[in-house]
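Scroll down for the structure; my scribbles are underneath it.
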Amino acid sequence: MKSNYYSGPKSLKDKIVDLDFVLIFLVFLLGIISICAMYSTEQGNFGYYTKSHFYRFFSFFTMFLLFSFFGINFWQKTAYLFYLIILLLLLAVDFYGVSSSGSKRWINLFFINLQPSELMKIAIIVFLSKYYYKIPSDQITSFKHLFTPIICLMVPVILVASQPDLGTSVLILISGIGVVWLTGFRIKYFLYSSFIFICMLPVGVALLKPYQKSRILTFLNPERDPLGAGYQIIQSKIAIGSGGFFGKGFLQGSQSYLDYLPEKHTDFIFTLFAEEFGLAGSLLLLVIYVLIIYRIVLIGNISRNNFAKLYCYGFATAFFVYVAVNMSMVLGLLPIVGAPLPIMSYGGSSMLSIMIGLSIAMSCKIYNDAE
Amino acid sequence: MNIFSETFQNKSRIISRRMFVLSTLKAAVFISIISRLFYLQISENIKYRSLSDKNRLREWKIVPQRGILEDYFGKKIAKNTQVFQLHMIPEDVPNLEVLFFKLSKIINFNKEKKRYLLKKLKKRKPWEPIIISDNLSWEEFSRSNLLLHEIQGIKPVVSVGRKYISDGSSSHIIGYVSDLSVKDLENSELLRQINTPGLKTGKIGLEKLLNNKMIGKPGIQRFEVNAYGKRIKELKFTYGEAGQNFRTTLDHEVQTFTQKILKGTSSSVCVMDIYTGDIVTLVSNPTYDANKFVHGISSSDWEELIKNKRKPLLNKAMSGLYPPGSTIKPIVALSALENDVISPKLVIECRGSVERYGTTYHCWKEKGHGFMNLRNAIKQSCDVYFYEIARRLGVDRLAVTARKFGLGEKVLDSFNEEKSGVVPDTKWKLENIGRGWLIGETMITGIGQGYFQTTPIQLCLMISQFANGGYKIKPRIIDDRYALQNTINAWRQEFISKNKNENFNNPNLKKLYKNQENIKFILDALYGATNEPQGTSYRSRFTSPEYMYAGKTGTSQIRTITKEERKLKIKNKDLPYEKRDHALFTAFAPYLKPRYAISIVVEHGGAGSSGAAPIAKQIIKKVLDRDKLRKKYQLDLYENI
């Protein structure tokens, strides 16, 4: 009955008390671990990567805490605008983007090289949550409610995929589909579309760039080109496997400090962590991620607002997907696609988008009674 | 409002239900990630740990010091010395072209070498040193040290290289080392294991024979390397083991002396201890400088060695095959006596030639020797007499005796380059030529011609086994005192029992005779051949008893002498070099207390009496002069022999 009772605007003190301190602590802990891991990638030097990761984490962490106090209504109202801004940025990348190693993903905003595709991962969840939260569940599958979400989902997915950045576009797609699933979209439609998807797969493969094809082939058999395409995954497996139960010890990861590990700052940071801290460390890290996801789901559970509920569940699902895809990738369970590990991986845009996502979830917690 | 709210409630329920389904899925995914982690880090941990170590660790082998070869008196015949080298670290060189130009001014650095280096550089990592020149003279080395500031990227290095005594007297028997070839690696498991840049392997001679023992064990430097192969830090250093040193039975001074007096001929000499089988001298002439091979022989030097008709690379003492000529006669005589075919008293008239089976067989002495008994026939080397006893003996029985004395098989069995020669008999001819034996062939086999093929070292062993009273010995070139002790003890027992006139059957000494009187008879006949007038080597005798020796000459024809030539009485000297006979001589000394046996073959040297015996005489004197010194080094093992 209490839930029906509307208590009016909260005082600042109440808002602070209502913060999810467990979630804040977990994120902070993860940040500290990520700084240590970054420190280890530089062989124990407080070098460029460690420094900028350190600064980024603390500024974005502060931002996360501050943004948490934005009312949930603010996010709900500006959801479409937020999506539109990110979409425009994404389009701008196409024209004014900064190229690096063959792909155009970044846009120079003078103070930061932003990767809008990372922000789109959050924007799509916010957008779809807003679109769906008040459509009754029996009308969800109706014809008129079908076009907008599909177009709004597919446009950024295609834009990102053409950068090319297959990893991020897949993550955006899965995040969007996750929200659509949560709204109660008929299961049979999912089945139909997966059937169509499987039928389209050969066409899709034909559209892939040669390096992407080789990644998939390499995933199926890493030994086919151990010094070329298979090198990353083989070295990654060696690093993880050689860690054992307790790992080689902090700063002792020979695979990483002798440069055998590729992309050790970004996508393969977990590999370095697993090499140095072993199964014990990896499980600890996994537990932290599970707890973060669990805390976000809990916020969704207590949210009375369906927008908040949808968003929290959607974000939790997306967060889970980021972690699962990255870990599966470095463990050799999935092909290598560029997918960073939330907070752990080096990269400003990824960190920014995760922190924004967390602050929206946090505001759901603070304003959980808002309808 | 209520309905609206209910729809909301309903929607909220749907969302929660869907979330529940998703959560189950998430749990499943996480479980699979955890099990994958468990699989990689626990189940497969050992595999991946070793792969990680394989990534991280690299071992560099350090060339071990090769064992030294000494002569009997401890003089180093093959040793290791400092060599001066220049190494280059490619990544430190600012301009390769300029550097090569400067080098060409300082050291011997030609275009051929430049091309070779450039080819090699392509396969190397820029931080790996490459050898520019591996054997510089001191002048070149000091000059490059002085101008080091000019040649950036070059590092002068003092390393260890093989060095042989440069007179070349022992080049054939010692052999040489050189860089490993693909073939060497294919043939040797050991070389594959210890293959190290800069490692040399024995190619021929004792260097090859004892390679596995002399090569040593390389030291190991273990480094941690990064993904690009650059050394990060040294983790472990294991010292290698130097190879085993060997003392040979050779006397370097006699080797040098022999080489000197053989100069100008194409010849070989073998001197052997008749009791122990120690090879005192084994020389082949012309010789070559083994040092040239160590750092890669230049193509002009190689051409010169290959094109020389006197075959300097061939070790004639064991790879040269010659018909034994008259030096086989003691064997023929012994075989006939042992088989009771003849008695020493048998008298045969030599008229210079004999008609048998429609062919005329000539004696070397055209006028003939007149009436000959066996002793005189050996002494004067009468061919007609030996035609007859060979005819009576038959080739098969002759072959048995010849093989017993070591002909037809390798003397030092482990040398690849040694030849085993041929002792012909009826079976041999049928198997190898495919035709039946002709009786006429027996006659010429009786004077060591025809199919007979022997090496000088075999002839030396043969005469040794006569000189020691008819016992089998095992020649050796590597001095192993412990193994020798048994031989010495056996001989001691034999002498004691002989002094007491006991008929003792020594298990360690194999007798090659049935009746020792026959051996004694032949030794006496050989005494006559050298020390009595009309003996074939009478002119080369020593009169003083301590040098007095006994020997058998031999002249081996290398072609059939035609009737016209016989009529013209063409002398060997007048023939072109390639058509002259080989001169052979086998002997033992001193006659009264025999100790050493010698064999000498001078290719195209003419008659044995004039072409070989005078040379042998000088060598015998030298060997006997050094006998006392040699005994000193034998740690009084032989006192009683």
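Chains as they are written, first to last, in the working numbering: chain A, 1 to 371; chain B, 1 to 641.
Note that CB positions come from ideal geometry on N, CA and C, so glycine has one too.
{"Asked": "Under 8 angstroms (Cβ pairs) to chain B, residues found in the region 59-85 of chain A", "Found": "none"}
{"Asked": "Proximity below 8 angstroms, CB of B:V283 to CB of B:Q259", "Found": "yes"}
{"Asked": "B:N339: first and last residue of the uninterrupted alpha helix (DSSP H) it sits in", "Found": "No alpha helix (DSSP H) contains B:N339, which DSSP labels as neither H nor E."}
{"Asked": "Helix, strand or coil at B:A589 according to DSSP, with G and I counted as helix", "Found": "strand"}
{"Asked": "B:D340 burial status per 10 Å Cβ neighbour count (16 or more: buried)", "Found": "exposed"}
{"Asked": "6 angstroms CB neighbourhood of A:V325 in its chain, flanking five on each side removed", "Found": "A339"}
{"Asked": "Proximity below 8 angstroms, CB of B:P218 to CB of B:V332", "Found": "no"}
{"Asked": "Selected residue, minimal CA-CA separation from B:G352, among B:V384, B:T281, B:F141, B:I328", "Found": "B:V384"}
{"Asked": "For B:Q85: DSSP bridge partner residues", "Found": "B:V157"}
{"Asked": "Limits of the unbroken alpha helix (DSSP H) element including B:K563", "Found": "563-568"}
{"Asked": "Residue range of the alpha helix (DSSP H) that includes A:G241", "Found": "231-243"}
{"Asked": "A:A274: contacting residues in chain B (beta-carbon distance under 9 angstroms)", "Found": "L37, L40, Q41"}
{"Asked": "CB-CB length for B:K55 against B:I68, believed under 8 angstroms", "Found": "With the sequence shown as reference, residue 55 of chain B is identified as Asn, and Lys is not the correct amino acid for it. Rounded, the Cβ-Cβ distance is 41 angstroms, inconsistent with contact."}
{"Asked": "Environment of B:Q41 [buried if 16+ CB atoms lie within 10 Å]", "Found": "buried"}
{"Asked": "Any C-beta of chain B under 8 angstroms from that of A:P136", "Found": "yes"}
{"Asked": "8 angstroms Cβ cutoff, A:Q232 in contact with chain B", "Found": "no"}
{"Asked": "Short CB-CB distance (under 8 angstroms) between A:V297 and chain B", "Found": "yes"}
{"Asked": "Three-state secondary structure (DSSP) of B:G608", "Found": "helix"}
{"Asked": "Residues near A:I343 in its chain [Cβ-Cβ closer than 8 angstroms; skip 5 each side]", "Found": "V27, L30, G31, S34, F57, M351, I354"}
{"Asked": "Contact with chain B by A:L279, beta-carbon distance below 8 angstroms", "Found": "yes"}
{"Asked": "Rounded straight-line distance, which links the Cα of B:K208 to that of B:Y482", "Found": "23 angstroms"}
{"Asked": "B:G202 - containing beta strand (DSSP E), residue span", "Found": "200-204"}
{"Asked": "Neighbour flag for A:Y346 against chain B, beta carbons, 8 angstroms", "Found": "no"}
{"Asked": "Environment of B:T360 [buried if 16+ CB atoms lie within 10 Å]", "Found": "exposed"}
{"Asked": "Which listed residue (B:Y591, B:K563, B:F588, B:S556) has its alpha carbon closest to that of B:K579", "Found": "B:S556"}
{"Asked": "Cβ-Cβ separation, B:C363 to B:S599 (assumed contact under 8 angstroms), whole Å", "Found": "Not really, about 24 angstroms apart at Cβ, beyond 8 angstroms."}
{"Asked": "Interface positions of the region 209-241 of chain B facing chain A (Cβ-Cβ less than 9 angstroms), listed along the chain", "Found": "E224, V225, N226, A227, Y228, I232"}
{"Asked": "Candidates A:K13, A:L12, A:F25, A:V17: closest to A:I288 by CA position", "Found": "A:F25"}
{"Asked": "Rounded C-alpha distance that separates B:F237 from B:W60", "Found": "10 angstroms"}
{"Asked": "Buried versus exposed call for B:M1 [16 or more other C-beta atoms within 10 Å across all chains shown]", "Found": "Because B:M1 carries a pLDDT of 42, less than 50, the predicted location of this residue cannot be relied on, and no value is offered for it."}
{"Asked": "Within-8 angstroms CB hit, A:Q255 to chain B", "Found": "yes"}
{"Asked": "Which listed residue (A:L88, A:V323, A:A206) has its alpha carbon closest to that of A:T168", "Found": "A:V323"}
{"Asked": "Cβ of B:R58 within 8 angstroms of any chain A Cβ", "Found": "no"}
{"Asked": "Reduced DSSP secondary structure (H/G/I, E/B, other) of B:F223", "Found": "strand"}
{"Asked": "B:S464 beta carbon less than 8 angstroms from that of B:F585", "Found": "no"}
{"Asked": "Short Cβ contact (8 angstroms threshold) for B:P323 with B:Y288", "Found": "no"}
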